[in-house]
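Enquirer: Under numbering that gives the first Met the number 0, the first residue of the sequence shown is numbered 0, with each subsequent residue one higher.
Every residue, glycine too, gets a C-beta built ideally from N, C-alpha and C.
Predicted model only: the values in this text are computed from it and were never measured.
Let me give you the structure first, and then I'll get to my questions.
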Amino acid sequence: MGSSDNNVRQKTAKLIRAGRKLRKFKQAEMASQLGITQSMISKLESGILAPDAGLWYEFCQMMDINADLTYNSGLIFTATPKEKLDSQIFKLGKVKSETMIKVKECIPFIRSIEELNFQHDFQAYLKENKIDADVFVVPNYEVPLNLLGIIFDFLTDKISESKAFGLVAGNFVEGYGILTKNADSSVDKLLQNLKSFENVFVLKNGKGCIDVQFDKTFKFSIDDEKFLKAYIKYKSEQLKQSCKSIFEYSQAKVHKKNDFHYSVEYTA
0 MGSSDNNVRQ
10 KTAKLIRAGR
20 KLRKFKQAEM
30 ASQLGITQSM
40 ISKLESGILA
50 PDAGLWYEFC
60 QMMDINADLT
70 YNSGLIFTAT
80 PKEKLDSQIF
90 KLGKVKSETM
100 IKVKECIPFI
110 RSIEELNFQH
120 DFQAYLKENK
130 IDADVFVVPN
140 YEVPLNLLGI
150 IFDFLTDKIS
160 ESKAFGLVAG
170 NFVEGYGILT
180 KNADSSVDKL
190 LQNLKSFENV
200 FVLKNGKGCI
210 DVQFDKTFKF
220 SIDDEKFLKA
230 YIKYKSEQLK
240 QSCKSIFEYS
250 QAKVHKKNDF
260 HYSVEYTA
């Protein structure tokens, strides 16, 4: 069996296990819902078997996983101890926040860690913080905002902040650009879809520029400020990269108005 087949099986194994945790099902409960045996669930979660198209669609429907978003998630840290396969919940250690974001906002960060071959160190980092790596697999699952801060701290501890911004923003464009081009190549469409990634920014498209600010209703503590200053800078860099790569604007620049307000200017 080829490596691509193995990758598909490992990818779906992670998604099936994470989806079950999302709904807090035991293997036997999920098997009953899908009309298959618990043994088959175990083999699917171990990557021994891969589901057929019908079973995969039924699973995504049952677990409320957006199947269209699974193309660039799931293959995240494939090695998982067998004794944890039947866990029913995501473990998030002390990660807590009133503000929630969707996992798909984290995916460009995770892909950057994989691209730099930092998986082993990141797994140890997650274990130290008592965070379940499976939490990053289901793209439309909501997680606390400060979980993203933990990922960012790890990445910028390994490489410079500027390199991290560029790499993560580039991974966002690579994963999202195809969808945007196939749908509607407009900045308005990009911003409309970005709003489903997170809920902490107000993004407005003006004349030749995108205004980036935190939502006025978004509350954060002094402890959050350092990460959030970096996060809005990253978001602006992500938009700049998108304007240059997706829409092929020859000029795109980021202008800082204050620590929590940026503007991305673009011209053809």
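(1) Less than 8 angstroms between the beta carbons of Phe213 and Phe259, yes or no?
(2) So is Ile47 buried or exposed if we call it buried at 16+ other beta carbons inside 10 Å?
(3) Taking only the alpha-carbon atoms, compute the straight-line gap between Leu190 and Ser159 and give it to the nearest angstrom.
(4) Let me know if Ser111 comes out buried or exposed under the rule of 16 or more other beta-carbons within 10 Å of its beta-carbon.
(5) Would you mind sorting Tyr56 into buried or exposed? The rule is 16 or more other CB atoms within 10 Å of its CB.
(6) CA-CA distance, Lys225 and Glu113?
(7) Let me know the secondary structure DSSP gives Ser241 once reduced to three states.
(8) Between Lys13 and Val136, is the Cβ-Cβ spacing less than 8 angstroms?
(9) Out of Lys101, Phe164, Val186, which has the shortest C-alpha to C-alpha gap to Leu146?
(10) Excluding the 5 residues flanking Gln37 on each side, which residues of the same chain have their C-beta closer than 6 angstroms to its C-beta?
Expert: In terms of the structure at hand:
(1) Going by C-beta atoms, Phe213 is nearer than 8 angstroms to Phe259.
(2) It is exposed - the Cβ of Ile47 has fewer than 16 other Cβ atoms within 10 Å.
(3) Taking the straight line joining both Cα atoms gives about 28 angstroms.
(4) A residue is called buried when at least 16 other Cβ atoms come within 10 angstroms of its Cβ; Ser111 meets this threshold and is buried.
(5) Note on Tyr56: under 16 other CB atoms within 10 angstroms of its CB, so exposed under the neighbour-count rule.
(6) If I take the Cα positions, the gap works out to 25 angstroms.
(7) Reduced to three states, the DSSP call for Ser241 is helix.
(8) Yes. Within cutoff.
(9) Nearest C-alpha to Leu146: Lys101.
(10) Hits under 6 angstroms: Gln26, Ala27, Ala30.
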